[in-house]
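A quick write-up on the structure given underneath.
Residue numbers (my numbering): 4 to 322.
Structure (C-alpha cells):
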C-alpha cells in the first residue's frame, strides 16, 4: 500500500516503478498522494475510499491464504501504510504529504485555513525563528488520519482470525518522527502486537546506547500495549563497517528489553552485506549468529509500587 521501490528478480531497483499496481496510477490518479509542491507521489492515499476498499480486500485474501498455508507458524500480519511499510508519515526531501485537493479541502473545512507547510529548514542554521501556523492542529490532523487508516486495516486482519502488528519506527529521533509521534499513543486499542525499533543512530552520529530500546519498550507498555517486540537495526553501522562493534550493544539492549513483562520477542535487521548501489545484498549470517540474548530469569512484579514520573512537553514545537 505504500508505493515501495520495486526490485526485479535480481534484486535490482526498477526505475519509475513501485510495488503498487500500475493500473491504479493510470486509472485513479486522484487516489494518489501529492506533496506540498503539488507533485504526485508513489504513495497511495490511505484515506481514499477506493484505496481502502481495494486494500482491505487484498489484506483479507492475503491473511486467509497465508494462515491456511502456514497454520500455527505466523505470529501476525503487519499493517503497511508508508513507503517504509511502517506506521509513520513519510517524506521525500522534506516534501511532506498529503497535500492533494481533497485533503486540502478537508483540512480547510475543519480549521478554516489551508494546510501549513514546513519549508524553512534552511533558516535554522542562521538562527532565525519562524513559527508555523496551525502546527498543533496540523500534527493532530495527520495523526488522526493515520490512526483511522491503521485501525481500519488492523480490523481487516483481525476479521480473518489473525493478530495485527504495528511497526513504530525511530519514534523519537528528530529526523524521522518529529511530526507524528502522537499516533503511537492512539493505537493501543487497535493493534495486537506493537513493534518499536531503534537503529543506534541519532541522525548525526552512531549511538551505541543499550538503554534506548528498553526505555522505548517501557514507554509502549505504559501506553497500554499488551504485547510488545523490540527491533534492533544495524544498517547505518553496517554501511560504516562497524557492525561487529554494535553486536554486544544489541545483545545487552535486547536482554534488558526482554526482562519486561509485556515484551514477547525481538527482531534484528540491517545485517546485509554491502552490495553495489541500487541492488539488494545477502544477509551476513555470521553476524546474525553472534546475536546471543540472555533474558532475565525473573521478571519484576508488575503489581509492586511504581514510581511516577511527570514530563512537561510542548506540542507547539517538538512533540
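Cβ coordinates follow ideal geometry from the N, Cα and C atoms, glycine included.
Got a sec, what are the start and stop residues for the alpha helix (DSSP H) residue 104 sits in? The residue labelled residue 104 in the question sits at position 101 within the chain shown. Unbroken alpha helix (DSSP H) run through residue 104: 104–114.
For residue 269, the three-state DSSP class (helix, strand or coil): Here the question's residue 269 lines up with position 266 in the chain shown. Residue state, collapsed to three classes: strand.
Mind reading off the beta-carbon distance from residue 200 to residue 167? Whole number of angstroms is fine, and I expect it under 8 Å. The residue labelled residue 200 in the question sits at position 197 within the chain shown. The residue labelled residue 167 in the question sits at position 164 within the chain shown. That pair is no contact at about 17 Å.
Given 8 Å as the limit, is there contact between the region 242–253 and the region 200–215, that is, 3 or more CB pairs closer than that? Judged by Cβ distances under 8 Å, the region 242–253 makes contact with the region 200–215, as three or more pairs qualify.
Minimum length 3: unbroken beta strand (DSSP E) runs contained in the region 200–283: 230–236 and 266–272
Residue 141 burial status per 10 Å Cβ neighbour count (16 or more: buried): Within the chain shown, the letter at position 138 stands for residue 141. With 16 or more Cβ atoms within 10 Å of its Cβ, residue 141 is classed as buried.
From residue 260 to residue 34, what does the alpha carbon distance come to, in whole angstroms? One-based indexing of the chain shown puts residue 260 at position 257. One-based indexing of the chain shown puts residue 34 at position 31. Rounded to the nearest angstrom, the two C-alpha atoms are 40 Å apart.
Meets three-Cβ-pair contact criterion under 8 Å: the region 95–114 and the region 6–19: no
Exposed or buried, what is residue 18 when buried is set at 16 or more other beta-carbons lying within 10 Å of its beta-carbon? Taking the chain shown and counting its residues from 1, one reaches residue 18 at position 15. Flag for residue 18 reads exposed.
From the DSSP output, in three-state form, read off residue 11 for me. Indexing the chain shown from 1 puts residue 11 at position 8. Looking at residue 11 - three-state DSSP - the assignment turns out to be coil, as it is neither helix nor strand.
To the nearest whole angstrom, what separates the beta carbons of residue 239 and residue 219, a pair I think is in contact under 8 Å? In the chain shown, counting from the first residue as 1, residue 239 sits at position 236. In the chain shown, counting from the first residue as 1, residue 219 sits at position 216. Residue 239 to residue 219, Cβ: 17 Å. No contact.
Please look up how many angstroms separate the CB atoms of residue 80 and residue 160, rounded, as I've assumed it's under 8 Å. One-based indexing of the chain shown puts residue 80 at position 77. One-based indexing of the chain shown puts residue 160 at position 157. Contact holds; Cβ gap of about 5 Å.
Reduced DSSP category for residue 185 - H, G, I as helix; E, B as strand; rest coil: Numbered from 1 along the chain shown, position 182 holds the residue referred to as residue 185. Of the three classes helix, strand and coil, the one that applies to residue 185 here is helix, per DSSP.
Could you give the distance in angstroms between the alpha-carbon of residue 51 and the alpha-carbon of residue 20? As a first step, residue 51 is located in the chain shown; it is residue number 48 there, counting from the start. As a first step, residue 20 is located in the chain shown; it is residue number 17 there, counting from the start. C-alpha separation (whole angstroms): 21 Å.
Beta-carbon contacts of residue 227 that lie in its chain and below 6 Å, excluding the five residues immediately before and after: Walking along the chain shown from the start, residue 227 turns up at place 224. Answer for residue 227: 191, listed in chain order.
Comparing alpha-carbon positions, which option in 26, 274, 28 and 148 lies nearest residue 243? Translated into the one-based positions of the chain shown, residue 243 becomes position 240. Of the candidates 26, 274, 28 and 148, the one whose C-alpha sits nearest the C-alpha of residue 243 is 274.
Measure the C-alpha to C-alpha separation of residue 224 and residue 170 and round it to an integer number of angstroms. Translated into positions along the chain shown, residue 224 becomes position 221. Translated into positions along the chain shown, residue 170 becomes position 167. Looking at the two C-alpha atoms, the distance is approximately 15 Å.
Any idea what DSSP makes of residue 167, helix, strand or coil? On the chain shown, position 164 is the one that residue 167 refers to. Strand at residue 167.
I believe residue 155 touches residue 55 by the beta-carbon criterion, under 8 Å. Please report the beta-carbon distance rounded to the nearest angstrom. For the purposes of this step, residue 155 is taken as residue 152 along the chain shown, with counting starting at 1. For the purposes of this step, residue 55 is taken as residue 52 along the chain shown, with counting starting at 1. Contact holds; Cβ gap of about 6 Å.
Bounding residues of the alpha helix (DSSP H) (the contiguous stretch that carries residue 28): Within the chain shown, residue 28 is the residue found at index 25, counting from 1. 25–30 is the span of the alpha helix (DSSP H), which, as asked, contains residue 28.
Can you check which of these residues, 297, 271 and 103, is closest to residue 40 by C-alpha distance? In the chain shown, counting from the first residue as 1, residue 40 sits at position 37. Answer by Cα proximity: 103.
Buried or exposed: where does residue 198 fall if 16 or more other Cβ atoms within 10 Å of its Cβ makes it buried? For the purposes of this step, residue 198 is taken as residue 195 along the chain shown, with counting starting at 1. With 16 or more Cβ atoms within 10 Å of its Cβ, residue 198 is classed as buried.
Distance between residue 75 and residue 193 (C-alpha atoms, nearest Å): Looking up residue 193 in the chain shown gives position 190. Looking up residue 75 in the chain shown gives position 72. If I take the Cα positions, the gap works out to 22 Å.
Under three-state DSSP, which class holds residue 137? Along the chain shown, one-based indexing puts residue 137 at 134. Coil, per DSSP.
Go ahead and pull the three-state DSSP assignment for residue 49. Counted from its first residue, the chain shown places residue 49 at position 46. The answer is coil: DSSP assigns residue 49 none of H, G, I, E or B.
Going by alpha carbons, who is nearest to residue 114 out of 100, 136, 98 and 101? To locate residue 114, count along the chain shown from 1; it is residue 111. The candidate whose alpha carbon is nearest that of residue 114 is 136.
Straight-line Cα distance separating residue 53 from residue 231: On the chain shown, position 228 is the one that residue 231 refers to. On the chain shown, position 50 is the one that residue 53 refers to. Using only the alpha carbons, I get a separation of about 32 Å.
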